[in-house]
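> Heads up: the sequence lines are chains A and B, in that order. The opening position of the first sequence corresponds to residue 333 in the working numbering, with each subsequent residue numbered one higher. The opening position of the second sequence corresponds to residue 333 in the working numbering, with each subsequent residue numbered one higher. Even for Gly, the Cβ is constructed at its ideal location relative to N, Cα and C.
Number of protein chains: 2
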Amino acid sequence: MDNRSKILETAARLFSRQGFSGVSLQTIAEDVGITKPSLLYHFPSKETLREQVLSELFGHWATRIPNLLRAVTTGEGQFEALMDELTAFFREDPDRARILIREILDRPEAMRASIAASLGPIVTLVADSMRKGQRSGLLRENVDPEAYVLNAIGSAMAWVVAASVVEPIVTGGGKSALSRLERELRRAAHSSLFSDPEAGVERRPSSGRARPNAER
Amino acid sequence: MDNRSKILETAARLFSRQGFSGVSLQTIAEDVGITKPSLLYHFPSKETLREQVLSELFGHWATRIPNLLRAVTTGEGQFEALMDELTAFFREDPDRARILIREILDRPEAMRASIAASLGPIVTLVADSMRKGQRSGLLRENVDPEAYVLNAIGSAMAWVVAASVVEPIVTGGGKSALSRLERELRRAAHSSLFSDPEAGVERRPSSGRARPNAER
DNA sequence: CCTACCGATCGGTAGG
DNA sequence: CCTACCGATCGGTAGG
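#1: Can you name the residues that DSSP bridges to glycine 504 of chain B?
#2: Between which two residues does the alpha helix (DSSP H) harbouring glutamate 369 of chain A extend?
#3: Determine the closest residue to leucine 381 of chain A out of A:Arg402, A:Leu340, A:Thr405 and A:Ser370, with distance taken between C-alpha atoms.
#4: For leucine 510 of chain B, which residues of its own chain have a beta-carbon under 7 Å away from its beta-carbon, when the five flanking residues on both sides are left out?
#5: Please report the straight-line C-alpha distance between methionine 443 of chain B and leucine 401 of chain A, rounded to a whole angstrom.
#6: Threshold first: 4 residues or longer. Then list the alpha helix (DSSP H) segments lying entirely within the region 407-492 of chain A, N to C.
#7: Across which residues does DSSP place phenylalanine 526 of chain A in a beta bridge pair?
#8: Is serine 496 of chain A helix, strand or coil when you go by DSSP?
#9: Run down chain B in chain order and give the residues with a C-beta less than 8 Å from the C-beta of tryptophan 304 of chain A.
#10: Would you call the CB atoms of asparagine 483 of chain A and alanine 520 of chain B closer than 8 Å?
#11: Between the region 379-395 of chain B and chain A, which residues of the former have CB atoms less than 9 Å from a CB of the latter, in chain order?
#12: What does a CB cutoff of less than 8 Å around leucine 372 of chain A pick up in its chain, not counting 5 residues either side in sequence?
#13: What residue range does the alpha helix (DSSP H) around phenylalanine 352 of chain A cover?
#14: In terms of residues, what are the limits of the alpha helix (DSSP H) holding aspartate 363 of chain A?
#15: Between glutamate 412 of chain B and histidine 522 of chain B, what straight-line distance do the alpha-carbon atoms span, to the nearest angstrom?
#16: Quick check on methionine 462 of chain A: buried or exposed, where buried means 16 or more other Cβ atoms within 10 Å of its Cβ?
#17: Assess, as a yes-or-no matter, whether the region 417-435 of chain B is touched by the region 341-353 of chain B under the definition of 3 or more beta carbon pairs within less than 8 Å.
#18: Short of 6 Å in beta carbon distance, which residues of its chain neighbour valine 502 of chain A, apart from the five on each side in sequence? Order them along the chain.
#19: Is the CB of valine 497 of chain A under 8 Å away from at least one CB in chain B?
#20: Is there at least one Cβ from chain B nearer than 8 Å to methionine 462 of chain A's Cβ?
#21: Given that tyrosine 480 of chain A touches chain B, what residues does it touch there, using C-beta distances under 8 Å?
#22: So that I know if they touch, is there some Cβ in chain A lying closer than 8 Å to that of glycine 409 of chain B?
#23: Taking 8 Å as the cut-off, decide whether the C-beta atoms of tryptophan 491 of chain A and leucine 517 of chain A are in contact.
#24: Would you check if the distance between the CB atom of glycine 365 of chain A and the CB atom of arginine 434 of chain A is smaller than 8 Å?
#25: Out of B:Phe421, B:Glu379, B:His374 and B:Ser337, which one is the CA nearest neighbour of valine 355 of chain B?
#26: Of all the residues that make up the region 420-444 of chain A, which are near chain B by a beta-carbon distance shorter than 7 Å?
#27: So which residues on chain B does serine 450 of chain A lean against when the C-beta distance must stay under 9 Å?
#28: Thinking C-beta only, is alanine 403 of chain B closer than 8 Å to leucine 414 of chain B?
#29: Counting contacts by CB-CB distance shorter than 8 Å, is glutamine 350 of chain B in contact with chain A?
#30: Let's test the definition: count the other Cβ atoms within 10 Å of the Cβ of proline 398 of chain B and tell me whether it reaches 16, buried, or not, exposed.
#31: Less than 8 Å between the C-beta atoms of serine 524 of chain A and leucine 470 of chain A, yes or no?
#32: Could you name the residues of the same chain whose beta carbon sits closer than 6 Å to that of phenylalanine 375 of chain B, not counting the 5 residues immediately before and after it, in chain order?
#33: To the nearest angstrom, how far is the alpha carbon of proline 477 of chain A from that of lysine 464 of chain B?
#34: Classify glycine 486 of chain B as buried or exposed, calling it buried when 16 or more other Cβ atoms lie within 10 Å of its own Cβ.
#35: Is serine 377 of chain B helix, strand or coil by DSSP?
#36: Nearest-angstrom Cα distance between threonine 342 of chain B and threonine 359 of chain B?
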């Protein structure tokens, strides 16, 4: 892998764990195995490095959009497909959630724009699809679609970060906090959305989960 | 107010917005109106200041525990009372959520212990009370009580932070993102918990909310 | 991609 | 609670 990519990867990892201002260019350079001026040859300032790390992250997110669109329009198992995409995105790299949360905390005004651009269209699309489901009686009529979707995304981000820290409280039966919180997260998201508790889960083998009523 | 308290207040505000490593002692001292060595007279190191800010926060949380216990044992309107306490805690000072999240991100191992101590007993208590409700048929039997409570707390923290950044997506009908996300958060939490959609909401005037089916 | 170096700022101390 | 000061480290540049 070329040094530029190594720098981006290392910076993302360190930023997610110690925060942008908690990591020095020196530390990143050492970790990559080059000197600080060499790092500054690839990224002319620390601020540029931050922007590139963030734009890589949004790039990975953009990669998922086709899957999301397919899930929205499929008609069957929509819910499971969307939740699979959402949880997979953060589970396959929890640092994504950490970086996003840190950026929201550090620069809320800047993130408002990025979030509106990257999330707004999909939220609107999913919300419109949900309104159809409400008219057909499949979904509870008192759901606020946009707020529901944003809360789901927020919960998914909280999930990944919380799991690293609540292990002593929630661990039992040999299951990790991560998987126990995820199961409950998905159960609650489903249960609070559908009118009929059995609806929306037919088809789709899904990631090892059965109908929400099974086991436990 | 004495300078010590002013320092704690200022540090909490700045830490929440820029992070611990993003704020210098100089900046805090200037904001309070004293010099840096004077600040270091009250708090012998920056690390000490961090600990004191955090311990103040946990102190405020401890203040609520009697209310929480009363809510758990009251038997009627338990759900609304607990949700009122939870949302009020973060709404009356959103910086609390920001500081807690930052600490979890910055020092997960240290926070694991603090969280187990401050949250563990209450989570267990509420979870036990929920298991009773499950046996009586009031609550859905497929809920994972501990995970439910922790997800609710995580969602509440995500709520406050997300609201500052999703305004353009979720605003409509003159309602702020904060209140629209809160309403949906509470609706979903209720709906995913109770077997009967109307249960658990009798009594209690509550904070301006009606039964979940009303309006909208 | 490196050596050598810059001014500014960091957390913290001495001494009063 | 302040003045004066410390060594270390910060992001960044010159020049090759």
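According to the structure data:
#1: B:Lys507
#2: A small correction: the amino acid at residue 369 of chain A is proline; glutamate does not occupy that position in the sequence shown. Segment 368-374, the alpha helix (DSSP H) holding proline 369 of chain A.
#3: A:Leu340
#4: Ala495
#5: 38 Å
#6: 410-423, 427-438 and 440-467
#7: A:Leu471
#8: coil
#9: The first residue shown for chain A is 333 and the last is 548, placing residue 304 of chain A beyond what the model contains.
#10: yes
#11: none
#12: Leu357
#13: Where phenylalanine 352 of chain A is concerned, there is no enclosing alpha helix (DSSP H), given that its DSSP letter is neither H nor E.
#14: 357-364
#15: 9 Å
#16: buried
#17: yes
#18: Ala509 and Arg512
#19: yes
#20: no
#21: Glu516 and Ala520
#22: no
#23: yes
#24: no
#25: B:Glu379
#26: Arg430, Ile433, Arg434, Ile436, Leu437, Asp438, Pro440, Met443 and Arg444
#27: Near serine 450 of chain A there are no residues of chain B at all, since even the closest Cβ is about 11 Å away, more than 9 Å.
#28: yes
#29: yes
#30: exposed
#31: no
#32: Leu381
#33: 32 Å
#34: buried
#35: coil
#36: 10 Å
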